[in-house]
Amino acid sequence: MSLPVVSGDNAALPTDPFAARQAALRTVSDARRGPQPAGQGPQQPPNAQQQSQALLLGARRALAAGKQQQALQLIAQAKKLGITYPLHADSPLKIEALARRISQLAAEANAPADPIAYQRNQSRLLMDQARGLIRYAAYTEAKQLVDKAKSLPVTYQAFETTPQKMLVEIKALQQTAAQKNQAGQVAASGQLSDARRQPAGQPNPVVQTPPVGPSAVRFSDQNVARFTDRNVQQAGSLAGNPGAPAVQQGLYDPNRDPNRVLAAQATTPAPVATQPTAIPNPNSAGVQLFQQGMQALVNQDRAAAQRLFTQAWQFEAELDPAIRQELKTKLALLQTAPPNALPAPKTAPSPLDQFTVEERLKRDQLQREILNEQKMAEEMAATDPNAALARLQRLSDRVRESAVDSVTKKQMLTLVDSHINRLQTYIDRNRARIAQEQHNRDVRQGVTDQRLKKNEMENKIAELVEEFNTLVDERRFAEAEAVARQAQEIDARNPVVVNLMAQSRFIRRIAADLDISMQKEQGVVDVLQSVVASSQPMDDRQPLVFNPTKWRELSRDRRRLLERYQLRFNEAELQIQKQLKTKVDVKFQEMPLEDVLETLGTMADVNVYLDPYGLSAEGVTVDTAVTINLRQPIAMSAALRLILEPLNLSYVIQNEVLRVTSMDAHNMNVYSQVYNVADLVIPIPNFVPSYNMGLAGAIRESYRALGYGQNMPSSGSTPLMMAANESGSVPKSSAMAQLGAAGALRSLGAGSGPESEFGPGAPGGAAAADFDSLIELITSTISPDSWDEVGGNGAIKEFGTNLSLVISQTQEIHDQIADLLDQLRRLQDLQVTIEMRFITLSDNFFERIGVDFDFDIDDNTNMTPTDLTHPSLDDAGPSMVVGLAPDGQPTSDLDLSFTQDFFQSSIPQFGGFDVGTAANFGFAILSDIEAYFVIQAAHGDNRTNVLEAPKVTLFNGQLATVMDVQQRPFVTGLVPVVGDFAAAHQPVVTVLNEGTSLSVQAVVSSDRRFVRLTLVPLFSSIGNVEEFTFEGKETSDTSSIADEILDDAGNTDRAEATNNIISREGSTLQLPVFGFTTVSTTVAVPDGGTVLMGGIKRLREGRNERGLPILHNIPYINRLFKNVGIGRETQSLMMMVTPRIIIQEEEELLQTGYDSSED
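FYI, our numbering numbers position 395 of the sequence shown as 391, with every residue one higher than the one before it.
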C-alpha cells in the first residue's frame, strides 16, 4: 500500500506543506495489561457517573443562562451522589466556586472601584465558563459566552488567552467533531470494509475532506476500524488466550504504529529502499508472532522465541521496517547460540535480552523526540517556515549523533530528511511570498509590540499615579516623590509624568516648610511648657527622687555598657568566672589531686586543666593525695584556694578553661585593667562662708581695682565662720572632721598658718585630683609584695586626663582591687539632708481702760483774776471763794477746778499699745458744777509663729553653708589721706548681713543610724543707726529786715525779721546697732529624728496703775479715780535640727523596685 498523497494539482504547493498528513492516534501496540484485582480502587456505577456528568453540564448551562438558583440546585443533587472526582476533572466544588465568582462580580456591577479591572475580571469569568462547557462539547453555549467576552473593551497581554483564540479553537473542535461523526457513519454503514479492498493508490472517499490546518487531528479509516471492527471485551480478564502472559506497560514505537503519520511526497516519489511497502497492521499475524516471540524472550524461553520469530519472518512484507530489522537481528543472535545451551535462570537476563532492551529504549526515546520535533515543526511551518526548517535541521544533526544502530539511524534520517527536503522545496517555491509574509509579520509584530508597550506604560503610569495620590493623602511625600521618579523613568515626556514630577517637588517643599513651621511652633510650646513645669514644687520630705519609669532600663543599659568596656574574658571564660561562685561539697579523703579537681569541675560544670609544667615546678604530681572534709558546701573558688594553697598552687582562667598551675606562674600571669576613679580622687570640697562673700567682696575688689587699701588689714571674720577660714589658715585636716597632726579636731575659731586656694580639702572651689592617696592605699593594703616598687610584677599608674588608674596585676589581685574600690564607693555614696528649723513664738498682750474725770465749781462772780488785785476791792468787797491753780495762782475763771493728770501715765508699756486703735468716749455736764468725762478703752493680743527652716543636702563629712541674708554697707571709719598741699579722708566701708545663715558639718555613724552634726546657726538683725559727724568748720550768716506798716487809724507799726544761717562742714560716721543670735554646738541625732539644739525664751510684762489714794479703793466710784494699763510680751526661740541619711541603693530600691546587686 503506497503512502497517501495530497489530492489536487501537484504543480502548486499548499500554504501548509504538512496539510496532506493525517493525524495519528498514538497507541502503544505492544502494551499489555493484566486483569485488575477485585476490590482495588473505588468504582462508581456507570449510571451514577452519567447522572453526575448530566447534572454538572446542566449546572454550567444554567450559569451561562443566568439561572444561578437552578445551578445551585443541580450542584446540590450532584453532591448527594457521593462520587469521588479526580483532581483535574469537573466537580460540584469547581462549579460552586464559579457561582460565587459570578455573585461577587454582580455585586460590583453598579459601582465598581476600578472599571478597567472589573471588565477584565468579567472577560476572564466568561472565558472560564466557556472553557468548562467545551469539556462537555457544548460548543454553542461556549461560543455565545466567548462572543460576550469579545464585546468587552479589554486589552489583553501578548501571551494571554483572548476571545479570538478561543473562537478559533471552538471552530476547530466543531470541525473535528463533524469529521468524527462522518467517520462513524461510514463505519456503521459498512463502507469502511469496502474501502480496505480498494487497490493501492486509489483515494479513499472518507479522507477526501479538505484539511483544516497542519495541527488539526483527523481520523483515518484504520483508526475508525480499530474502534468499530473489533470485538470489545471487558477489561480485567484475558480473552481468547488464558495462558498468555500478564499485561505489562509497553513502550510506544511509532514505527510499529499502524496509524502513525507518514510524510507525503509532493512532487518526487520516495525511494523504495527507505519507504515501507505497506502500512503495518497491528492485528497482522507477523506482528502478533513477533510480540509473542518478545514475550518468550522475557520469559527466558529461547527455543519458543526462535520458533515464533521464524514464523513471523514469513510475514516480513507486512512488517514495519524497524520491526523487520529488529526481527532479523533477533534471529541472527538466536542462531549463533549453541543448540544445546540451557536456558538462563529467569532472575538473570541474558546479554542478548539486556542488549535488546537497551536498544529498544534508545530507539523509542529517539522516535519520541523525532515525533515531537516534527509536530512542533508542522505547527511552525504555517507561520514561520524558515524557523521550522532550522528546527528540523537541528533534529537531523541530533539523529546523526545518536547512539542507535546504523540501520535505525538511517531510517530515521531518511524520515527527517524527507521532511527537510519537502519543507525546503516549499520554501524555495514560495520564497518571495514567505519573505513578504515574514516582513508583514515583523511589521505587525512591531506595531503590536509598540501598542502593547504603550498600553503597558500607560497602565503602569496609571498605577503609579494612583499610588502617588494615595501616598500624598497619607502624607508620605518622600515616597510619593520616589513614585514620581519611577514614572519619569518609564516615560519622561508624558505630560502626566511631567505634571507628576512638578507636583511632587512642590508638595514636598511645601510640606518641608510646614514641618519646619510646626517644629518651630512646637519648640516654642515646649520651652514655655518647660518653664511652667519647672514651677512645680517638690516635696522636701523626699529629698532624693528617682524616675521610676526609666530608671530600671537606664541602670541596666549603663551597666551593660560598662561591662562591655571592661570585658576581658570571652563568653566561655565569663561563664567559668560565674561558675566559681557555685556551691560545692568538699569531702575528700586521700584522693589524688587529679580526681579531686575533676570532681569539683563536674559539680561546678567547669573544665579544669592541670598544667604539667606548673605542677612539676612545685614538685606536685597528679597523684598527690588530698584530704579535706567540710560539713557545709562552699564556693568553688574558696574550695580551690583551700586545696591548692598548701601545695603552693593556684588557678587562672585562661583559654576557656580553669588552669591549675604554680603560684609563680600565677603571679606571672598579669594583665592591665583600667579603673575609673574620678569619684575617689577628686575630694569633696568644703564650702565655708567668709567676709569676702557678696557685697563685702565686691567692695573689696573695687578697692583693689582702684589700687586703694592694698595694705589694709582684713576686717576679720564674721560669726558665721566655722573651722579655719581666714586668710592664712589650713583647714585641710579638720574640714572633713579628720584628726589633725596634733591628734585632735581643730577648734571652730580662726586658724593660723598659710592657706592654699586649691588642693585636696580646700575650702570651696575646685579641688585637684589626689591620686597619691589612693595609690598608696592600694599598694599598701593589697598584696604589698607584688608591686614593682618592691620587685614584684604588678604596676600602677594614674592617667589624669580621664581621672583613671591603669593597674597591671594578676586576676586575684584585680578582684581584690575591684572589691576595695567598690567598698570605698559604697562608703562615699552616703548623703545627709539636714533641715534646721528656727521657730520664733511670740505673744504680745495689752489692756487699757482709762477714765479722765474732771469737774469745776462755779464761783458765782463775774470777776476776773485781774479784778482781785484792783485797789477798790481791797478790804472793801464781799468775801468769796475762788479756785487756785497748782502754781498757787487763781484759776483763769476763778472757778474751783478738780483735775486728774494720770490719764496718760497709765498707758501699757509692753504689748504694743496703739492709742489710735483705742475706743474713746467723752461728755460734759454744764451747770454750777461742770463735770467732764473722757473714757478710753483698748485690748490687744498679738500672737506670731515665725518659722525659718534652711535645708541643705551634703555628703558624709562635708561642710556646707546656707545663707538667707540682706547685706547693707555702712561707713564706720575714716582714714586720713594726706597729699601735697591737700588732705582728705578715705571711708572705711563695713558690710553687715541681716538674715539667717547656717554652717553645718554632718558625719554618719558606722552603723548608718545616727548623724553627728556640728552646727553654727546665726540670726542677725540691724537696729538703729546713729550718725556722728566730725566738724571741720562752722560758718554763720545773720541778716535782719525792718518794715513799717500803717493801719487804718493812721498809726505806724514797725516789724523786724532776723535770719540766722549756720553752716557746718565735716565727716559723718554711721554707727549701726547689729544684733545676732547664734549657737555653736555638736549634737548626735538619729536618722529622721529631731533634736532641740538650743533656744532662747524672753518675757516682758508690766502693769501701770494710777489713781487717788483712798478713793481708788472705794468700790464703784474707784473707776473715776483710777486708771490701769497692763502689757505683756512673751517670746520663745527654738532651734531644732532633723537629719535624714540618703543611701542611694536603698532609695533606688524603695522608689523604683530595682536592685542593682541582682544584675
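The beta carbon of each residue, even a glycine, is placed where N, CA and C say it ideally should be.
Computed from a predicted structure; not experimentally measured.
Since residue i is in the beta strand (DSSP E), which residue starts that stretch and which ends it?
i               : result
aspartate 1003  : That residue, aspartate 1003, is in no beta strand (DSSP E); it is neither H nor E in DSSP.
asparagine 625  : 621 to 625
valine 933      : The sequence shown places alanine at residue 933, not valine. Residues 925 to 944.
aspartate 811   : Here aspartate 811 belongs to no beta strand (DSSP E); instead the alpha helix (DSSP H) covers 807 to 824.
alanine 914     : Premise fails: alanine 914 is in no beta strand (DSSP E) and is neither H nor E.
methionine 1089 : 1087 to 1103
serine 658      : 653 to 658
Considering just the uninterrupted stretch of the alpha helix (DSSP H) at residue i, what are its terminal residues?
i              : result
valine 492     : 491 to 530
threonine 777  : 767 to 777
aspartate 675  : 674 to 677
methionine 123 : 111 to 130
proline 88     : 88 to 103
threonine 466  : 427 to 469
arginine 1115  : Where arginine 1115 is concerned, there is no enclosing alpha helix (DSSP H), given that its DSSP letter is neither H nor E.
proline 685    : It is not in any alpha helix (DSSP H) - proline 685 carries neither H nor E in the DSSP assignment.
glycine 289    : 281 to 294
Is residue i buried or exposed, if buried means 16 or more other CB atoms sit within 10 Å of its CB?
i                  : result
tyrosine 609       : exposed
proline 1135       : buried
serine 875         : exposed
asparagine 682     : buried
leucine 1009       : buried
glutamate 477      : buried
phenylalanine 1026 : exposed
tyrosine 1118      : According to the sequence as given, residue 1118 is lysine; it is not tyrosine. Lysine 1118 should be labelled buried.
glutamate 808      : buried
asparagine 1218    : There is simply no residue 1218 to check, as the chain begins at -3 and stops at 1155 in what is shown.
glutamate 1142     : exposed
aspartate 891      : buried
serine 1002        : exposed
serine 748         : Per-residue confidence for serine 748 stands at a pLDDT of 39, beneath the threshold of 50, marking its modelled position as unreliable; no derived number is given.
serine 1183        : Summary: the structure shown does not reach residue 1183, with the chain confined to residues -3 through 1155, and so no result is reported for it.
glutamate 369      : buried
methionine 664     : exposed
threonine 404      : buried
leucine 304        : buried
arginine 252       : Since pLDDT at arginine 252 reaches only 49, below the 50 mark, its modelled position is unreliable, and the value read off the structure follows with that caveat. Its Cβ being crowded by 16 or more others within 10 Å, arginine 252 is buried.
If contacts are defined as beta-carbon pairs under 8 angstroms, then residue i and residue j qualify, I think. What distance do you get, rounded to the angstrom?
i              : j              : result
glutamine 932  : alanine 914    : 5 angstroms
valine 150     : glutamine 115  : 5 angstroms
glutamate 1030 : serine 1063    : The Cβ separation is near 14 angstroms, so there is no contact.
valine 961     : serine 995     : Not a contact, Cβ separation roughly 13 angstroms.
proline 1013   : threonine 1074 : 6 angstroms
proline 539    : threonine 829  : 4 angstroms
aspartate 1083 : valine 1133    : Their Cβ separation, rounded to whole angstroms, is 13 angstroms, which puts aspartate 1083 and valine 1133 out of contact at 8 angstroms.
glutamate 1023 : leucine 988    : No, glutamate 1023 and leucine 988 are not in contact; Cβ-Cβ is about 16 angstroms, not under 8 angstroms.
Is the shortest distance between the beta-carbon of residue i and the beta-carbons of chain B less than 9 angstroms?
i              : result
glutamine 1066 : In summary, chain B is missing from the structure at hand, where a single protein chain is found.
Do the segment 160 to 172 and the segment 117 to 134 make contact, defined as three or more Cβ pairs closer than 8 angstroms?
-> yes
Would you list, in sequence order, the uninterrupted beta strand (DSSP E) runs of no fewer than 3 residues that lie entirely inside the segment 587 to 647?
-> 604 to 606, 621 to 625
Determine, using beta-carbon pairs with one atom in the segment 532 to 546 and one in the segment 1143 to 1150, whether at least three such pairs fall under 8 angstroms.
-> yes
May I ask you to verify whether the segment 842 to 854 touches the segment 908 to 928, counting CB pairs closer than 8 angstroms and requiring at least 3?
-> yes
Would you check if the segment 490 to 497 and the segment 515 to 523 touch, i.e. whether three or more CB-CB distances between them fall below 8 angstroms?
-> no
Pair every Cβ in the segment 839 to 846 with every Cβ in the segment 680 to 699, then say whether three or more of these pairs are closer than 8 angstroms.
-> no
Assess, as a yes-or-no matter, whether the segment 421 to 431 is touched by the segment 373 to 389 under the definition of 3 or more beta carbon pairs within less than 8 angstroms.
-> yes
Does the segment 646 to 660 come within contact of the segment 791 to 802, defined as at least 3 CB pairs closer than 8 angstroms?
-> no
At least three beta-carbon pairs within less than 8 angstroms, the segment 1110 to 1128 to the segment 903 to 910 = yes
Note down, one range per segment and in chain order, each alpha helix (DSSP H) of at least 4 residues found wholly within the segment 379 to 415.
-> 381 to 396
Just checking, does the segment 624 to 641 make contact with the segment 579 to 588 on the three C-beta pairs under 8 angstroms criterion?
-> yes
Count the C-beta pairs between the segment 584 to 603 and the segment 550 to 558 that are closer than 8 angstroms, then say yes if the count reaches three, no if not.
-> no
Counting pairs of beta carbons, one from the segment 672 to 681 and one from the segment 765 to 780, are three or more of them closer than 8 angstroms?
-> yes
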